[in-house]
Amino acid sequence: PRAAKEQLDVQELPLKEDNQIEEPPNRGPHNTSSVKEEKQLQNNSIIVKGRDTHPVKASVHQVLSLDVTAAPRDPNAIGQFGQPATVPSEDSLKMKQRWNEGHFNVYLSEQIPLDRAIPDTRPEICARDVVHDDLPSTSVILCFVDEVWSTLLRSVHSVLNRSPPHLLKEIILVDDFSKKKYLKENLDHYMANFSKVRVIHLKERQGLIRARMAGAAVATGEVLTFLDSHVECNVGWLEPLLERIYLDRSKVACPVIDVISDQDMSYKMVDNFQRGIFTWPLTFGWNALSDEYVKKNNMTAADPIRCPVMAGGLFSIDKKYFYQLGAYDPGLEVWGGENMEISFKVWMCGGQIEIIPCSRVGHIFRGQNPYQFPKDRRKTVERNLARVAEVWLDEYKELFYGHGYRHLLDKSSNDIGDLTQQIQLRAKLKCKSFKWYLDNVYPELEAPLVKAAGLVFNRGLRTCLSVHTGVLFFETCDLSKQSQHFNYTWLKQLRQKDLCVDHEANEGRLTLQPCSVERTALRWLHKSSKSKLVGHNGAKQPCMEVVKSSKVHILHLATCHADSLFQQWEFTNYYTE
Ligand code: LR7
Ligand code: MN
């Protein structure tokens, strides 16, 4: 624990006569100011090498490793220094009873000092790093609904105690219509002691997305810093975030999110070299950079790491830039998907998202949301994601729907709301395509536009499906004929251009119909090259079959037979398992 000792450890760096910056010792290769940071994305590089392009005469100081507490810290206090704490066995019932208030150890949290010290988890070189004297100020915005009192206060105290006062314009607490009495009655009173803290009580539940926008609307700082309401900001957390934005206003800077254990409230450092990514269907995840990658690129533990997407809750963004981007889509409800939205928007519309390893904030990861969703939780998140997919994913939205969300395409039972403004915004900002994003920001993602493609070969007939004047028939396989090329898509359509094979239109005889994402009669199940094409046609699940005839072979639906070769179809190419 190096907490209290480091109070106000402010050290000006020696400046040369001509006011040029003296290189501090040991700053590591990532900081050599002779290397100009490239404005352009360099060939899919994940890390950001080199330094800024700020004027050489700017004055700088060593990062302020502040950790200011009002009272001397009690080294024997429970949970002090981020140590794990235990509940005595006679209290274990109380602990269990209070668990669901926050879906973490609420009982324990109450015994831990509100301004406890935590271990400084920054890589060692960070404390020696320098930042500019004239960094922009920030408004820190914490939104919450029915947050546990002790964790909400601990979050606020960690910001107050570990942020350089001149950079902390204010803390805005946005109460998203909490029901808990203490939040309605005691919070304003408590916070009245802190001139920088403002509390806003929303008149109805807005969800975290619109609550954040309500906070942003009244913020007066140059930068917005969003945090969850159950965090602990670590020593030196703020300046490295603001420094990145100072250097480039279109950068969105995220701290490393350390773990506060939901069980014993200990503060745990997470592995370095992780970035935020997603897999289909827009599921957020962490991705560790491989040792080889780190080695090959001479990465130091302090190099910013580019992230295809951010986790969502903790980041700093230039306020003007946030509004230039149109903030969040206000049509997103309650929780979920907004991290995808802001991430795609930032990257595709000219910005960048980085994790700054020298900035660390602990977060309580919980098994469940401790608050109610006004509507069904699953449906709320799905709907948010569908809005994001419709606005940002272009043709790749089929991959989103195709990974378990096809039911959302049925507009009669899924109203995802009006998207006109979001689509207009994207056009107005002249944002790049999702393909550009995949190629340049996240080339590691597997995103084949179709599951299978090419000729559709029938094993029994040993010829291929073809189209002539809008009608299906069979002919000798010939890859050079476009009329024999089909796609098997994520929406399970068997498709040629705008026409799809339909298993209902003509009572079992298969026809081609205009493709439509909603029509289930256009969906076929086809698992692999060994499998049949099964129409989604109620419980019977009949199979696509060709009946051999001396005149015109008949293509129809039939009862599935395990060994019928006339029901087995094979595409030339398969792009997925
Ligand atoms: O209706 C609501 N109104 C709110 O004000 C719902 C929530 N909230 C508040 C809530 O009290 C909390 O402070 O919003 C904040 C985030 O809600 P959490 O803590 O329940 O979310 P989470 O930590 O489980 O989820 C992550 O993903 C969310 C998706 O919408 C948000 O982006 C969260 O901010 C985000 N949290 C983080 O990024 C921290 C690291 C988690 C990871 C990975
Ligand atoms: Mn959270």
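For the sequence shown, UniProt numbering begins at 180 and goes up steadily by one. Don't be surprised by glycine CBs; every beta carbon is placed ideally from N, CA and C. Computed from a prediction, not measured in an experiment: that's the story for all the values here.
Asked                                                                                                                                                                 : Found
Below 7 Å CB to CB, which residues in the same chain sit around GLU561 once its five sequence neighbours on both sides are set aside?                                 : TYR584, LEU587
Which one of SER238, ASN279, PHE283 has the shortest CA to CA distance from HIS542?                                                                                   : PHE283
Measuring straight from C-alpha to C-alpha, what distance separates VAL239 and ARG307?                                                                                : 12 Å
Contact between the region 324-331 and the region 351-359: three or more CB pairs below 8 Å?                                                                          : yes
Return the chain-ordered list of same chain residues with a C-beta closer than 8 Å to the C-beta of HIS345, the five sequence neighbours on each side being excluded. : SER316
Among residues of its own chain, excluding the 5 on either side of LEU332, which ones have a beta-carbon nearer than 8 Å to its beta-carbon?                          : LEU293, TYR369
Out of MET444, LEU362, LEU381, LEU352, point me to the one whose CA is closest to LYS375's CA.                                                                        : LEU352
Taking the alpha-carbon of GLY529 as reference, which of ARG252, THR655, THR690, ASP427 has the nearest alpha-carbon?                                                 : ASP427
Near PHE745, what residues of its chain come up, given a Cβ to Cβ distance below 6 Å and the 5 sequence neighbours on each side ignored?                              : GLY639, GLU724, VAL725
Check whether the Cβ of HIS542 sits closer than 7 Å to any heavy atom of the ligand MN, and report yes or no.                                                         : yes
Just the Cα atoms here: how many angstroms apart are GLY386 and GLU577?                                                                                               : 28 Å
Going along the chain, which residues of its own chain have a beta-carbon closer than 8 Å to the beta-carbon of GLN747, five neighbours each way excluded?            : ASN637, ARG638, GLY639, LYS709, SER710, LYS711
Could you check how far apart the C-beta atoms of ALA480 and ASN451 are, in whole angstroms? I think they sit under 8 Å.                                              : 5 Å
Going by the DSSP bridge assignment, what does GLN672 pair with across the sheet?                                                                                     : ARG702
Where THR738 and TRP703 are concerned, what is the direct C-alpha to C-alpha distance, given to the nearest angstrom?                                                 : 15 Å
Can you give the Cα-Cα distance for ASP437 and ASN413, rounded to whole angstroms?                                                                                    : 9 Å
Consult DSSP for LEU608 and reduce its assignment to one of helix, strand or coil.                                                                                    : coil
Out of ALA631, LYS614, SER318, state which residue places its alpha-carbon closest to the alpha-carbon of GLU623.                                                     : LYS614
Would you give the residue range spanned by the alpha helix (DSSP H) that GLN276 belongs to?                                                                          : 271-278
Can you grab the Cα-Cα spacing for the pair ARG391 / TRP416, in whole Å?                                                                                              : 21 Å
Quick check on LYS382: buried or exposed, where buried means 16 or more other Cβ atoms within 10 Å of its Cβ?                                                         : exposed
Among THR755, ARG688, SER334, ALA568, which has the Cα closest to the Cα of LYS706?                                                                                   : THR755
Tell whether a beta-carbon distance below 8 Å holds between HIS582 and PHE653.                                                                                        : no
Please name the residue or residues paired with VAL376 in a DSSP beta bridge.                                                                                         : ILE350
Assuming TYR286 and ASP270 form a contact by the criterion Cβ under 8 Å, report the distance between their Cβ atoms to the nearest whole angstrom.                    : 7 Å
Quick one: complete beta strand (DSSP E) runs, 3+ long, within the region 447-502?                                                                                    : 453-458, 462-467, 494-497
Could you check where the alpha helix (DSSP H) with TRP615 kicks off and where it finishes?                                                                           : 613-619
Once the 5 residues before and after ALA700 are set aside, which same chain residues still bring their CB inside 6 Å of it?                                           : ASP681, HIS682, GLU683
If I measure Cβ to Cβ from LEU617 and keep anything under 8 Å in the same chain, skipping five residues before and after, which residues do I get?                    : TYR575, LEU624, ALA626
For GLU411, is the beta carbon positioned less than 7 Å from some heavy atom of the ligand LR7?                                                                       : no
Measure the C-alpha to C-alpha separation of PHE260 and HIS409 and round it to an integer number of angstroms.                                                        : 17 Å
Could you pull out every residue in the same chain whose Cβ sits closer than 7 Å to the Cβ of PRO208, ignoring the five residues on either side in sequence?          : Legend: pLDDT at PRO208 = 32, less than 50; position of this residue unreliable, value from coordinates given subsequently. ASN477, THR479.
If you count every other CB in all the chains shown that lies within 10 Å of the CB of ASP312, and 16 or more means buried, which is it?                              : exposed
From this set, GLY258, PRO509, GLU520, LYS554, which residue's C-alpha is nearest ALA396's C-alpha?                                                                   : PRO509
Between which two residues does the beta strand (DSSP E) holding GLU654 run?                                                                                          : 650-654
Relative to the C-alpha of THR668, which candidate in SER662, LYS676, ILE602 has its C-alpha closest?                                                                 : LYS676
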